[in-house]
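Below: one structure, written as structure tokens.
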Amino acid sequence: MTHPGLPEFWVMAIAILATIFVLHAMWSRKLRAFRFQGMALNSVLAKSVLTRPWLLLIFKLVILGVFLLVIVAGLLGTPIPERNAATVLTWNLWWAGLILAVFLFGSAWCGMCPWDTLATWLVKMRTWGKNRAAISLNMKVPAKWRNIWAATFMFIGLTWLELGVGVTTSPYMTALLSLLMIVLATITLALYEGKAFCHYICPVGRTIGFYSQLTPLKLRPVDGDVCASCKTHECFHGSDKIEACPTHLMIGNLQQSTYCTSCGNCTQSCPHENISWRLQSVSHEAIQDARPHWDEAWFMLVLLSLTSFHGLTMLPGWEAQMGQLAQVINDSGQLLWSFSIGLVVSMIAPILVYMLCIWVWQRITQSKQSFRQLFSGMAFLAIPLAFSYHLAHNLNHLLREGSDLSELLSNPLGQGALPLSSAELHARHMSMWLSQDVLFAIQAGLMVFGMWIAVKVIRHRAFALMPELQQTPSKLWPVLVFVLLTTALNTWLLAQPMVMRM
Amino acid sequence: MGVLIQHAYAHHVLGRPSYSLGEDSNTPPSMQVETQIGKFYVTYMAFPAFPQPNEAGRVNLYASRIENGEPFQGEVTFKVRDDSWFSSAEETLGVQPVDDSVFRQGFIFKEAGNFIITAEFEADGEPYIIDFPLQIGETQSVMPIAVTVVVLIVVLLLVSVLQRKRLLREKVRKARSESAG
Chain A
1 MTHPGLPEFW VMAIAILATI FVLHAMWSRK LRAFRFQGMA LNSVLAKSVL TRPWLLLIFK
61 LVILGVFLLV IVAGLLGTPI PERNAATVLT WNLWWAGLIL AVFLFGSAWC GMCPWDTLAT
121 WLVKMRTWGK NRAAISLNMK VPAKWRNIWA ATFMFIGLTW LELGVGVTTS PYMTALLSLL
181 MIVLATITLA LYEGKAFCHY ICPVGRTIGF YSQLTPLKLR PVDGDVCASC KTHECFHGSD
241 KIEACPTHLM IGNLQQSTYC TSCGNCTQSC PHENISWRLQ SVSHEAIQDA RPHWDEAWFM
301 LVLLSLTSFH GLTMLPGWEA QMGQLAQVIN DSGQLLWSFS IGLVVSMIAP ILVYMLCIWV
361 WQRITQSKQS FRQLFSGMAF LAIPLAFSYH LAHNLNHLLR EGSDLSELLS NPLGQGALPL
421 SSAELHARHM SMWLSQDVLF AIQAGLMVFG MWIAVKVIRH RAFALMPELQ QTPSKLWPVL
481 VFVLLTTALN TWLLAQPMVM RM
Chain B
1001 MGVLIQHAYA HHVLGRPSYS LGEDSNTPPS MQVETQIGKF YVTYMAFPAF PQPNEAGRVN
1061 LYASRIENGE PFQGEVTFKV RDDSWFSSAE ETLGVQPVDD SVFRQGFIFK EAGNFIITAE
1121 FEADGEPYII DFPLQIGETQ SVMPIAVTVV VLIVVLLLVS VLQRKRLLRE KVRKARSESA
1181 G
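As they're listed, the protein sequences go chains A and B. My numbering puts the first sequence at residues 1 to 502. My numbering puts the second sequence at residues 1001 to 1181.
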């Protein structure tokens, strides 16, 4: 069965607004640097929750319980994916809903991640706070590994497992993947200081980290002056009872939340109780605050191309295309070679187009900046484009493929359950949490939001790299063309019928 | 699940099982795997989807040429073996001629377990050997959990030993520097 695509009306609306944004970006010389600093959660209740570990611990326990259920159901339950809690909870609910959760709550998921919770309990033998008797070598991560190339390759590998091998339709493989992540997180924690797995390796954590550059809710100082006058920096070094920041962040001068894991160490260790959740301007970090890095730029671009690739593989014609490729290369069976070629081509092609646009831009502006600086500096445009399509695509899964959770939780292993009949499939397809028209409007709104933020990223970052461009903004056209092409591709993907996952 | 390759022209096949229920017919739920191998699309269906020990079951195999959809008209040999790392014993279930474009093979297994059904046929002088999974009864496995627990225990023990050695070395170094000073 397929989901209907975005209607022509919304496609036209996106096209018109995208064109207006591009023309405005090429015409306007004014740069609005509006920054919203909202109220920090500073009530007595908020302080008592943030400075004590209880609430986070309750969340951790609940999520851990669900995670263990996923493993047990995956290994011992029915192989019918739509009747097994492992596949439904992992792929239909968590994987699809995670991106929405990032937009609402930033990196809060990382704070209650069951992989890290289990690893921490095994290695440190306690739920929070310091334990000097922890089983860890506490080695420093070697300098050559202090980057996110590992996370980039893990993300590509996860996509290959998800869409190529079909982990999403196998409860057993879902459970194996969960166990593998526990092993990786535990080994890393037992060897290295801080949370090297979350910082450098975890593809989910890094995806959340980059997307959280767009979100308004962040952990920040309540009063900046208190941090400015602080000499002890417990948020960074930790205190007698609380561990240091596991990703080496100093909250007082934090400009980007990419590596914040919402672990709560800083809120608990600050003697002034000066760290809390604060509302800030949406996307400000991506637009101008976050600092560019070569490895991070690649992660952002891979994230962009693989989100589009997700949509591509769910087009009704994808299997036929893979079948034709398989005949050419003499591939057979699950067509994993054909799929792998499709994945690599789909991943590399947008990045090559981006490189071409940056190269042309460098030529026409006769920039003194190196190609690498321009490549890294402008790569932040990928975040809003990837996020908006990712969320628009996932809403389809979340709203159209939602299962009857009460039925699932009453029989999480699916014992004795029959496969979905075509009538049940049809009923599930038709019973959405929101009306289809509202879903289309949200999807179109997301595409416009992504385009709008990407254009803002281009203008702010380009003018910061080359201030003289502010007098000739029309020279931004090569980078704007890339954003326009990406938005066109993603909108086209949304407008196509999409194959149901399960 | 996998395909054995007997010479250079044979193919390796991996397919993904799916489950379906035809509510308008009397057939039980089925397990189905679709694959593409060489010049053929092959569809394998097992009825029922989860047969129990001593319960009669059946596999249906459809093979059609990719280029024109023409069904394969030869014979298909069905074999079975235990799906475990250390088992190589294979038993022939039967050789089936085509019947209305379908190759049907009945079976009854006495014991629960995970098995591999191998379908073999020859077309255009090339051998095609395709493996499909078949689960009989409940075959729950806690082995991955056991393996994970063992790996974690070994890692934590190793790290603990290294940690103690390191602490000991540091103590010795400190004692030496104090005695030298």
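Quick reminder that beta carbons are idealized off the backbone N, C-alpha and C, glycines included. Note that the structure is a prediction, hence the values are computed from the model and not measured.
TODO: Compute the Euclidean distance between the alpha carbons of A/Glu273 and A/Thr127, then round it to the nearest angstrom.
DONE: Distance between the alpha carbons of A/Glu273 and A/Thr127: 21 angstroms.
- [ ] Determine the extent of the beta strand (DSSP E) in which A/Leu279 is found, giving its start and end residues.
- [x] A/Leu279: member of the beta strand (DSSP E) spanning 275-280, first to last residue.
TODO: Please classify B/Lys1039: does DSSP put it in a helix, a strand, or coil?
DONE: If DSSP states are grouped into helix, strand and coil, B/Lys1039 belongs with coil.
TODO: Check B/Pro1048 in the structure and name its three-state DSSP category.
DONE: In the structure shown, B/Pro1048 sits in coil (DSSP, three-state: anything other than H, G, I, E or B).
Task: Contact with chain A by B/Pro1053, beta-carbon distance below 7 angstroms - done: It does not; no Cβ of chain A falls within 7 angstroms.
- [ ] Give the DSSP bridge partners of B/Leu1021, in chain order.
- [x] Under DSSP, the beta-bridge partners assigned to B/Leu1021 are A/Ser421.
Open item on the list: Output needed in chain order: residues of the segment 1139-1154 of chain B with a Cβ under 9 angstroms from some Cβ in chain A.
Closed with: Look at the segment 1139-1154 of chain B: the residues with a C-beta under 9 angstroms from a C-beta of chain A are Gln1140, Ser1141, Val1142, Met1143, Pro1144, Ile1145, Val1147, Thr1148, Val1151, Leu1152.
Task: Buried versus exposed, by CB contacts within 10 Å (16 or more), A/Leu506 - done: Nothing about residue 506 of chain A can be reported from this structure: the residues present for chain A run from 1 to 502 only.
- [ ] Please report how far the alpha carbon of B/Ser976 lies from the alpha carbon of B/Phe1072, in whole angstroms.
- [x] Residue numbering for chain B in the displayed model covers 1001 to 1181; residue 976 of chain B lies beyond these limits and cannot be assessed.
Task: Through-space distance from A/Ile20 to A/Thr472, alpha-carbon basis - done: So the alpha carbons of these two residues sit roughly 18 angstroms apart.
TODO: Name, please, each residue of chain B whose Cβ falls closer than 8 angstroms to the Cβ of A/Ile135.
DONE: Those within 8 angstroms of A/Ile135 in chain B are Leu1156, Val1159, Ser1160, Gln1163.
TODO: Give a yes or no on whether the minimum CB-CB distance between A/Thr2 and chain B is below 7 angstroms.
DONE: No, because no Cβ of chain B sits closer than 7 angstroms to the Cβ of A/Thr2.
- [ ] Go ahead and pull the three-state DSSP assignment for A/Gln213.
- [x] In this structure, DSSP gives A/Gln213 a state outside helix and strand, which the three-state scheme calls coil.
Task: Proximal residues of chain B, C-beta to C-beta of A/Gly166 below 7 angstroms - done: In chain order: Arg1016.
Open item on the list: Please classify A/Ile383 as buried or exposed, where buried requires at least 16 neighbouring CB atoms within 10 angstroms.
Closed with: Taking all protein chains shown into account, A/Ile383 has 16 or more neighbouring C-beta atoms within 10 Å of its C-beta and is therefore buried.
Open item on the list: Distance cutoff 7 angstroms, beta carbons only. Does A/Thr90 sit that close to anything in chain B?
Closed with: No, its Cβ sits nowhere closer than 7 angstroms to a Cβ of chain B.
TODO: Taking only beta carbons into account, state which residues of the segment 400-420 of chain A come closer than 8 angstroms to chain B, listed in chain order.
DONE: Taking 8 angstroms as the Cβ-Cβ cut-off against chain B, the residues of the segment 400-420 of chain A that qualify are Leu418, Pro419, Leu420.
Task: Among A/Trp337, A/Leu418, A/Ser276, the one whose alpha carbon lies nearest that of A/Val44 - done: Residue nearest to A/Val44 within the set A/Trp337, A/Leu418, A/Ser276 is A/Ser276 (criterion: CA-CA distance).
Task: Cutoff 7 angstroms: A/Ala190 Cβ touching any chain B Cβ - done: Closer than 7 angstroms to some Cβ of chain B, the Cβ of A/Ala190 qualifies, so yes.
Task: Anticipated Cβ contact below 8 angstroms, B/Pro1029 with B/Ala1056, distance rounded - done: With a Cβ gap of about 15 angstroms, B/Pro1029 and B/Ala1056 do not count as contacting.
Open item on the list: Report the start-end ranges of each alpha helix (DSSP H) in the segment 11-85 of chain A that is 4 residues or longer and not cut off at the edges.
Closed with: You should have 44-50, 54-76.
Open item on the list: Going by DSSP in three states, B/His1012 sits in which element: helix, strand or coil?
Closed with: With a pLDDT of 34 at B/His1012, under the threshold of 50, the predicted position of this residue should be treated as unreliable, though the coordinate-derived value follows. DSSP places B/His1012 in coil when its eight states are reduced to three.
Task: Separation of A/Ser406 from A/Asp295, as counted between CA atoms - done: For A/Asp295 and A/Ser406, the distance between alpha carbons rounds to 43 angstroms.
Open item on the list: Report the CB separation of A/Phe210 from A/Thr261 in whole angstroms; it is logged as a contact under 8 angstroms.
Closed with: Rounded, the Cβ-Cβ distance is 14 angstroms, inconsistent with contact.
Open item on the list: So B/Ser1064 contacts chain A; which residues on that side make the cut at Cβ distance below 8 angstroms?
Closed with: None at all; the shortest Cβ gap to chain A is about 13 angstroms.
TODO: For B/Ile1129, write down the residues that DSSP places opposite it in a beta bridge.
DONE: The bridge partners DSSP lists for B/Ile1129 are B/Glu1120.
- [ ] Would you list the one or two residues that DSSP bridges to B/Pro1097?
- [x] Looking at the DSSP assignment, B/Pro1097 forms a beta bridge with B/Glu1075.
TODO: Step through the CB atoms of chain A and report whether any lies within less than 7 angstroms of the CB of B/Pro1029.
DONE: Put simply, the CB of B/Pro1029 is near chain A, with a gap under 7 angstroms to one of its CB atoms.
TODO: Following the continuous beta strand (DSSP E) through B/Gly1057, name the residue where it begins and the one where it ends.
DONE: Residues 1056-1065.
Open item on the list: Three Cβ pairs or more, each shorter than 8 angstroms: is that satisfied between the segment 1104-1121 of chain B and the segment 1138-1146 of chain B?
Closed with: Contact holds: three or more Cβ-Cβ distances are below 8 angstroms.
TODO: Determine, using beta carbons only, whether A/Ala119 comes closer than 7 angstroms to chain E.
DONE: Among the protein chains of the structure shown, namely A and B, there is no chain E.
Open item on the list: Looking at the strands, I want to know which residues DSSP matches up with A/Arg220.
Closed with: According to DSSP, A/Arg220 shares a beta bridge with A/Ser276.
Task: Close Cβ partners of B/Thr1077 (< 6 angstroms) along its chain, the five nearest in sequence each way excluded - done: Cβ within range, chain order: Val1095, Glu1120.
Task: For B/Ile1108, three-class secondary structure by DSSP - done: The answer is strand: DSSP assigns B/Ile1108 an E or B state.
Task: Which of helix, strand or coil DSSP assigns to A/Glu193 - done: Here A/Glu193 sits in coil by DSSP.
TODO: With B/Lys1174 as the anchor, note down where its alpha helix (DSSP H) starts and where it stops.
DONE: Where B/Lys1174 is concerned, the enclosing alpha helix (DSSP H) stretches over 1143-1180.
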